[in-house]
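Engineer:
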Amino acid sequence: MKLAHVILLLLCFYLSFCKVTSTSDTSHEDLVEKQCLTEKFTHLSCHKVFCQPWQKCIEGKCICKLPYQCPKNGTTVCSTNGKSYPTYCQQKSLECIQPKAKFLNIGACTPSGQFYVSLKYGNNESEGIVEVKLADQDKKMFICDNNWSMTQANVACLDLGFQQGALDTQGEFHFPEDHHMNETDCLHVHCRGSETSLTECTFTKRRTESYQGLARVVCYTQNAVSPTKDSFQCVNGKYIPQEKACDGINHCVDQSDELCCKGCRGDSFLCKSGVCIPNKYRCNGEVDCITGEDESDCEEVGYPEIKEETEMLTANMDAERKRIKSFFPKLSCGVKNSTPVRRKRVVGGMPAQVGDFPWQVAIKDDGKINCGGVYIGGCWILTAAHCVRASKAHRYQIWTSLIDWIKLNSEIVIQRVNKVIVHENYNRGTQQNDIALIEMKKPSNRRECMLPNSVPACVPWSPYLFHPNDTCIVSGWGREKGICFQFVHQNPGVGNGWE
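Quick note, the sequence shown lines up with residues -18 to -1, 1 to 481 if you use mature numbering (1 follows the signal peptide of the UniProt record, and there is no 0).
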């Protein structure tokens, strides 16, 4: 990897000069990016999506955290294994490792607390009208079909052991003649779609005298559908109609139908990374696109609040999931403090001012500055491997806020170097893996390095943050023309059509 490429990626994303892709009327198009499908991305692929709070991203995959790695803040919850846990995050972390230990309810476990979901009046055990018994209720109740969708149906089928979720939310089922019930007396359920049990969804009861239909579901089984040439095959082996892919709805359960999209159909939003999300996630205060554009330009976007007389029967665990995320350290990188000022261009770029690129540093070696680097936080600098040698760490100095090599500015901070780590596969002949890390020395009386005018750049974790034809900004010291060196920090604008 070339350092110039890394810096280009950093600045393209965090200076917000890159284009945001928008959706159009694509209701009848094949919107799936075929090459992307070969990567077999799912909801556990953190190159495409964010991991859950009880997971961490390692080499592009979401893996389970250990319970002690969760925030300590939270409310006691009960698991189906009969044990109570201090927080929802800790319970979900354990479930991630031991899938049978699912969430049951908020609060400590009680002997009578049990949750059941069953399908009634179907033609076989994989279909029927959905009936539940909540953990703190004695009465079994049906679920209303108002707002019942594939999102809720998938979770219900998962709860019943059908690992590929639901096939359909319709079906012809009939009550026996001697059965009587009040169809105004049913429960409403709201799920996000990432739940593993209906107990994690929010149950409410609306006070109404009007007729309410009942939720129906046909769960997916191996012999439930025969694939056709127009079928889309999910990573988990499930087949869905091609027109259901890239519509913002997770039909596959593993989300693989929404992660390789050239556009989105229906009421959905296209992330720049090729992911379709429901439009209702746009400007909802939570970043869902890894590039963050679902939460940008939100002043004119909003959804009217629907006020209904409802009774909350279970806790809102999706709100608890968001609360857990709020306890994690906030990302603080890639955002400069200064306001851009229009300036006349020079050959190859524009002279930079203090604060324009607060992550840019210079590396001084025996009185000369031949290379630059990027501050990435803590005491660490990212640079090119050809600029440094591990055995010569004592010779280097890190200069921050440097603007002009000849006329030194007062904001400069100089740091000594503790050690240099060169990429283990760096080839000095071919320049492959031309990347290195420099650790600066901490002051003797401090636990961290003090760089008052510096802001760390954010290191890209996914190859899907940037695309061809994005417009980017680079910064650094180099040559203006021929072999003539420039002595002023430059910031030329470039495209990312490198090889």
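Every residue, glycine too, gets a C-beta built ideally from N, C-alpha and C.
(1) Under the three-state reduction of DSSP, which class applies to Y408: helix, strand or coil?
(2) Is S75 closer than 8 Å to C52 when the C-beta atoms are compared?
(3) Report the start-end ranges of each beta strand (DSSP E) in the region 355 to 428 that is 3 residues or longer and not cut off at the edges.
(4) Do H170 and N136 have their beta-carbon atoms positioned less than 8 Å apart in this structure?
(5) Between the region 423 to 438 and the region 393 to 403, can you find at least three pairs of beta-carbon atoms closer than 8 Å?
(6) In the DSSP output, what is T184 paired with across the bridge?
(7) Under three-state DSSP, which class holds N20?
(8) From what residue to what residue does the beta strand (DSSP E) around N87 run?
(9) Per the DSSP calculation, K43 is bridged to which residue(s)?
(10) Ignore the nearest five residues each way along the sequence and tell me which others in G64's own chain have a CB closer than 6 Å to its CB.
(11) Would you mind sorting F85 into buried or exposed? The rule is 16 or more other CB atoms within 10 Å of its CB.
(12) For Y98, count neighbouring Cβ atoms within 10 angstroms of its own Cβ and tell me buried if that reaches 16, exposed if not.
(13) Mind reading off the beta-carbon distance from C228 to V14? Whole number of angstroms is fine, and I expect it under 8 Å.
(14) So what does D347 bridge to, in DSSP terms?
(15) From the DSSP output, in three-state form, read off V99 for me.
(16) With DSSP collapsed to three states, give me the class of Q51.
(17) How would you call I40, buried or exposed, if buried means at least 16 neighbouring beta carbons within 10 angstroms?
(18) Grab the span of the alpha helix (DSSP H) containing Q73 for me, first residue to last.
(19) From L241 to V336, what distance separates their C-alpha atoms?
(20) Per the DSSP calculation, R198 is bridged to which residue(s)?
(21) State the DSSP-derived secondary structure class of C60, mapped to helix, strand or coil.
(22) With DSSP as the reference, please indicate the residues paired to Y263 in a beta bridge.
(23) So I420 and G349 are supposed to be a Cβ contact under 8 Å. How far apart are they, rounded?
(24) Assuming Q215 is part of the alpha helix (DSSP H), what are its boundary residues?
(25) Kindly indicate which three-state DSSP category M294 falls into: helix, strand or coil?
(26) Between the Cα of R429 and those of N205, G360 and I380, spot the shortest distance and give me the residue it belongs to.
(27) By DSSP, does I222 sit in helix, in strand, or in coil?
(28) So, is T365 buried or exposed, given that buried needs 16 or more other C-beta atoms within 10 angstroms?
(29) Quick one: grab the DSSP three-state call for V137.
(30) Skipping 5 residues on each side, what residues in its chain have a beta carbon closer than 8 Å to that of Y263?
Structural biologist: Walking through what the data contain:
(1) Walking along the sequence shown from the start, residue 408 turns up at place 426. Of the three classes helix, strand and coil, the one that applies to Y408 here is coil, per DSSP.
(2) Within the sequence shown, numbered from 1, the residue matching residue 52 stands at position 70. Within the sequence shown, numbered from 1, the residue matching residue 75 stands at position 93. Contact: yes.
(3) 362 to 365, 378 to 382, 395 to 404 and 418 to 422
(4) Locating residue 136 in the sequence shown gives position 154, counting from the first residue. Locating residue 170 in the sequence shown gives position 188, counting from the first residue. One thing to note: N136 has its Cβ no nearer than 8 Å to the Cβ of H170.
(5) yes
(6) Here residue 184 refers to the residue found at position 202 when the sequence shown is read from its first residue. According to DSSP, which records beta bridges pairwise, T184 is partnered with H172.
(7) Taking the sequence shown and counting its residues from 1, the one referred to as residue 20 is at position 38. Residue identity differs from the one stated: residue 20 is Thr in this sequence, not Asn. It is coil, neither helix nor strand.
(8) Residue mapping note: residue 87 aligns to position 105 of the sequence shown, counting from 1. Here the beta strand (DSSP E) through N87 covers F85 to I88.
(9) Reading the sequence shown from its first residue, position 61 is the one you call residue 43. Paired residues: S27 and I40.
(10) Along the sequence shown, read from residue 1 onward, the residue named residue 64 stands at position 82. The beta carbon of G64 lies closer than 6 Å to those of C91 in the same chain, with the five residues before and after it left out.
(11) Here residue 85 corresponds to residue number 103 of the sequence shown, with the count starting at 1. It counts as buried.
(12) To locate residue 98, count along the sequence shown from 1; it is residue 116. Exposed is the call here.
(13) In the sequence shown, counting from the first residue as 1, residue 228 sits at position 246. In the sequence shown, counting from the first residue as 1, residue 14 sits at position 32. Between V14 and C228 the Cβ distance is about 6 Å, and since that is below 8 Å, they are a contact.
(14) For the purposes of this step, residue 347 is taken as residue 365 along the sequence shown, with counting starting at 1. Bridge partners of D347: K350 and Y378.
(15) For the purposes of this step, residue 99 is taken as residue 117 along the sequence shown, with counting starting at 1. In the structure shown, V99 sits in a strand (DSSP, three-state: E or B).
(16) Translated into positions along the sequence shown, residue 51 becomes position 69. Three-state result, Q51: helix.
(17) Here residue 40 is taken as the residue at index 58 of the sequence shown, counted from 1. It counts as exposed.
(18) If you number the sequence shown from 1, residue 73 lands on position 91. Boundaries of the alpha helix (DSSP H) around Q73: Y70 to I79.
(19) Position 259 of the sequence shown, counting from 1, holds the residue named residue 241. Position 354 of the sequence shown, counting from 1, holds the residue named residue 336. The alpha-carbon atoms of L241 and V336 are separated by roughly 40 Å.
(20) Taking the sequence shown and counting its residues from 1, the one referred to as residue 198 is at position 216. BP columns for R198 point to I111.
(21) The sequence position of residue 60 within the sequence shown is 78, counting from 1. If DSSP states are grouped into helix, strand and coil, C60 belongs with the strands.
(22) The residue you call residue 263 lines up with position 281 of the sequence shown. DSSP, once it has assigned bridges, lists no residue as partnering Y263.
(23) In the sequence shown, the residue the question calls residue 420 occupies position 438. In the sequence shown, the residue the question calls residue 349 occupies position 367. I420 to G349, Cβ: 18 Å. No contact.
(24) On the sequence shown, residue 215 is found 233 positions in, with the first residue counted as 1. Premise fails: Q215 lies in the beta strand (DSSP E), S213 to Q215, not in any alpha helix (DSSP H).
(25) Within the sequence shown, numbered from 1, the residue matching residue 294 stands at position 312. Residue state, collapsed to three classes: strand.
(26) Your numbering for residue 429 matches position 447 in the sequence shown. Taking only the C-alpha atoms, the option nearest R429 is G360.
(27) Numbered from its first residue, the sequence shown carries residue 222 at position 240. Correct three-state label for I222: strand.
(28) As a position in the sequence shown, residue 365 is number 383, starting the count at 1. Buried, by the Cβ-count rule.
(29) Position 155 of the sequence shown, counted from the start, is the residue given in the question as residue 137. Residue state, collapsed to three classes: helix.
(30) In the sequence shown, residue 263 corresponds to position 281, counting from 1. Result list for Y263: F251, D270 and D276, in chain order.
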